[in-house]
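**Q** My questions all concern the structure below.
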Amino acid sequence: MKILIKNIKELLQVRPAGISKVSGAEMASLPKIDHAYLVLENDLISDFGSMDHCPPESGYDVIDAEGSVVLPTWCDSHTHIVYAGNRVQEFVDRINGLSYEEIANRGGGILNSAKKLQETPEEEIYNQSRKRLEEVMLQGTGAVEIKSGYGLTVEAELKMLRVIKKLSENYPIAIKATFLGAHAFPAEFKENHTGYIDLIVNEMLPAIARENLAEYIDAFLETGYFSVAETERIIEAGKQYGLIPKIHVNQFTAINGIEACVKHGALSVDHLEIVTDEDIAVLKDSITMPVALPSCSYFISIPYTPARKMIAAGLPLALASDFNPGTTPSGNMNFVVATACIKMKMTPEEAINAATLNGAYAMGLSDTHGSITKGKKANIIITKPITSYYQLPYAFGTDLIKQVIIDGKIIA
Ligand code: NIG
Ligand code: FE
Numbered sequence: 003m004k005i006l007i008k009n010i011k012e013l014l015q016v017r018p019a020g021i022s023k024v025s026g027a028e029m030a031s032l033p034k035i036d037h038a039y040l041v042l043e044n045d046l047i048s049d050f051g052s053m054d055h056c057p058p059e060s061g062y063d064v065i066d067a068e069g070s071v072v073l074p075t076w077c078d079s080h081t082h083i084v085y086a087g088n089r090v091q092e093f094v095d096r097i098n099g100l101s102y103e104e105i106a107n108r109g110g111g112i113l114n115s116a117k118k119l120q121e122t123p124e125e126e127i128y129n130q131s132r133k134r135l136e137e138v139m140l141q142g143t144g145a146v147e148i149k150s151g152y153g154l155t156v157e158a159e160l161k162m163l164r165v166i167k168k169l170s171e172n173y174p175i176a177i178k179a180t181f182l183g184a185h186a187f188p189a190e191f192k193e194n195h196t197g198y199i200d201l202i203v204n205e206m207l208p209a210i211a212r213e214n215l216a217e218y219i220d221a222f223l224e225t226g227y228f229s230v231a232e233t234e235r236i237i238e239a240g241k242q243y244g245l246i247p248k249i250h251v252n253q254f255t256a257i258n259g260i261e262a263c264v265k266h267g268a269l270s271v272d273h274l275e276i277v278t279d280e281d282i283a284v285l286k287d288s289i290t291m292p293v294a295l296p297s298c299s300y301f302i303s304i305p306y307t308p309a310r311k312m313i314a315a316g317l318p319l320a321l322a323s324d325f326n327p328g329t330t331p332s333g334n335m336n337f338v339v340a341t342a343c344i345k346m347k348m349t350p351e352e353a354i355n356a357a358t359l360n361g362a363y364a365m366g367l368s369d370t371h372g373s374i375t376k377g378k379k380a381n382i383i384i385t386k387p388i389t390s391y392y393q394l395p396y397a398f399g400t401d402l403i404k405q406v407i408i409d410g411k412i413i414a
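Under our numbering, think of the first position of the sequence shown as 3, with each following residue one higher.
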């Protein structure tokens, strides 16, 4: 199928091939073509340019994008879309004064979701998760990373990863799977951390590798969860099976975890609500992408990642949703981008770069996703008529998406 999109008001994030991420001051620039056309052939972007050079329409399905902005779909590099049930009671408990930590200490939090997931059949988890995936696709997400981590037993972690695999087989959106067995210590291992890490290393990892269920490995490196040394053991074990680290770190405290992640060649370090000067120094000139999750900061009222300080230091930054039942029950990347602008003082250009190209990098997809580039995936958002792309973060909460195309397929 050949689609010609004509009369595009602004075609955003137009890049030559070979640019895998943007860092520091480069993030302020979002290359665009005004009054443009774009050609999609099957699942790929094949051509684009100014309307002055628009090809004749015959042989194409033509979309008239008069007044619309066209941009690459969002690349959401950090989610926990596969889960069972929800945690609405904890949400209300927090409104009534309990903290995230207090709820977790009394057996709520991740362990609450793990109990629900362990009790729910695989097919039911698939059906609940599929609805969330369909929702984010309609909101413009065209590539997504999904973690396990609400299983916490061999059987339940495998069940989650099989659901992720089935989603990736059944939907056109690119899905990357991450094994997060080290999300929390199950109650029976509270006093026996080594026992649970042995289970991850000796049983979960070999089983996951046998079925080829994950590409990345994650751990919740945090005070009260997995220590630096425990996380390093997990990273090293994952590497034996070719899994690349992408780590939850510095959400509540800074304990030199980022340094360990960078040392082990992590593809990304995610959360970073608390960032020290030392953390910034170790990230500089590394291959590790820092990932901010502003919807999480918003939902549980914790600090926002200090984007300005990090960008001023020359670092790249990606934005992701963290869609999960506890800290971020939303996968809406439009809200993520708006919140990054409003609360983290990122410019619209920086936020869009962070949620497209740098997001693609943070899940190993920057060769195929994240920009309008010939040969990349035909993944685009067509907005409703708007005055300029500034309106995307400005009119936060308004659905400004008219159409989403993923892998060359019109989603809505
Ligand atoms: O990224 N911080 C660790 N994990 C999730 C939240 C887990 C939960 O509360 O269910 C996060 O915020
Ligand atoms: Fe997370």
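We put the CB at the ideal spot given by N, CA and C, even for glycine.
Within 7 Å: the Cβ of cysteine 298 and any heavy atom of the ligand GTP?
**A** Annotation note on the ligand GTP: not contained in the displayed structure, which lists the ligand NIG and the ligand FE as its ligands.
**Q** Could you tell me which whole alpha helix (DSSP H) segments of length 4 or greater appear in the region 86–114?
**A** 90–97 and 102–107
**Q** Can you tell me which of the three DSSP states methionine 291 falls into?
**A** In the three-state DSSP reduction, methionine 291 falls in the strand class (E or B).
**Q** If you compare alpha carbons, which of Ser229, Leu215 and Asn214 is closest to alanine 221?
**A** Ser229
**Q** State the Cα-Cα distance for the pair threonine 122 and leucine 394, rounded to the nearest angstrom.
**A** 38 Å
**Q** Name the one or two DSSP bridge partners that tyrosine 39 has.
**A** The partner list for tyrosine 39 (beta bridge, DSSP) reads Gly51.
**Q** Figure out for me which residue from Arg235, Gly377 and Leu245 has the closest Cα to the Cα of glycine 259.
**A** Arg235
**Q** Does the distance from the C-beta atom of glycine 151 to that of histidine 185 stay below 8 Å?
**A** yes
**Q** So within the region 208–237, which uninterrupted beta strand (DSSP E) runs reach at least 3 residues, ignoring any that extend past its ends?
**A** 218–223
**Q** Closer than 7 Å to a non-hydrogen atom of the ligand FE - does that hold for the CB of histidine 80?
**A** yes
**Q** Going by DSSP in three states, glutamine 15 sits in which element: helix, strand or coil?
**A** The three-state secondary structure of glutamine 15, taken from DSSP, is coil.
**Q** Going residue by residue through the region 253–316, where are the continuous beta strand (DSSP E) segments of at least 3 residues, counting only ones entirely within it?
**A** 270–273 and 291–294
**Q** Are lysine 133 and threonine 180 closer than 8 Å when you measure CB to CB?
**A** The Cβ-Cβ distance between lysine 133 and threonine 180 does not fall below 8 Å.
**Q** On the three-pair Cβ rule with 8 Å, is the region 69–85 touching the region 312–331?
**A** yes
**Q** So is the beta-carbon of phenylalanine 325 under 7 Å away from any non-hydrogen atom of the ligand NIG?
**A** Distances taken from the Cβ of phenylalanine 325 to the heavy atoms of the ligand NIG include none shorter than 7 Å.
**Q** By DSSP, does glutamate 68 sit in helix, in strand, or in coil?
**A** Three-state DSSP puts glutamate 68 in a strand.
**Q** Does at least one heavy atom of the ligand NIG sit under 7 Å from the Cβ of phenylalanine 187?
**A** No.
**Q** Is it buried or exposed, arginine 1, if we count other Cβ atoms within 10 angstroms and call 16 or more buried?
**A** Residue 1 is absent from the model: the chain starts at 3 and stops at 414.
**Q** What does proline 247 pair with, by DSSP beta-bridge criteria?
**A** Paired residue(s): Ile219.
**Q** May I have the straight-line CA-CA distance separating proline 174 from arginine 310, to the nearest angstrom?
**A** 35 Å
**Q** Count the other CB atoms within 10 Å of the CB of valine 277; is the residue buried (16 or more) or exposed (fewer)?
**A** buried
**Q** Look at the alpha carbon of arginine 164 and the alpha carbon of valine 84, and state the distance between them as a whole number of angstroms.
**A** 10 Å
**Q** In the DSSP assignment, the alpha helix (DSSP H) including phenylalanine 337 goes from what residue to what residue?
**A** 335–346
**Q** Excluding the 5 residues flanking threonine 330 on each side, which residues of the same chain have their C-beta closer than 6 Å to its C-beta?
**A** Ser297, Cys298, Phe301 and Asp324
**Q** For the ligand NIG, is there a heavy atom less than 7 Å away from the beta-carbon of isoleucine 112?
**A** yes
**Q** Cutting at 7 Å between CB atoms, please list the residues of its own chain near leucine 285, excluding the five before and the five after it.
**A** Here the set comprises Ile260, Val264, Pro292 and Leu317.
**Q** How long is the line joining the alpha carbons of isoleucine 408 and histidine 55, rounded to whole angstroms?
**A** 25 Å
**Q** Between leucine 245 and glutamate 213, is the Cβ-Cβ spacing less than 8 Å?
**A** no
**Q** Tell me whether phenylalanine 181, by its Cβ, gets closer than 7 Å to a heavy atom of the ligand NIG.
**A** Not a single heavy atom of the ligand NIG lies less than 7 Å from the C-beta of phenylalanine 181.
**Q** Comparing the CB of histidine 371 with every heavy atom of the ligand NIG, is any distance shorter than 7 Å?
**A** False, no ligand heavy atom lies under 7 Å from that Cβ.
**Q** Please say whether alanine 38 and glycine 26 have beta carbons closer to each other than 8 Å?
**A** no
**Q** Would you kindly work out how many angstroms separate the C-alpha atoms of tyrosine 128 and arginine 96, rounded to a whole number?
**A** 29 Å
**Q** Inspect the beta-carbon positions of valine 16 and glycine 333 and report whether they are closer than 8 Å.
**A** In this structure, the beta-carbon distance from valine 16 to glycine 333 does not fall below 8 Å.
**Q** Can you tell which of Ile313, Thr370, Glu157 and Gly87 has the C-alpha that lies nearest to the C-alpha of serine 1?
**A** The structure shown does not extend to residue 1, since the chain is modelled only from 3 through 414, so no value can be given for it.
**Q** Looking at the structure shown, is lysine 34 part of a helix, part of a strand, or coil, going by DSSP?
**A** strand
**Q** By DSSP's criteria, glutamine 405 is part of a beta bridge. Which residues make up the other side?
**A** Ile384
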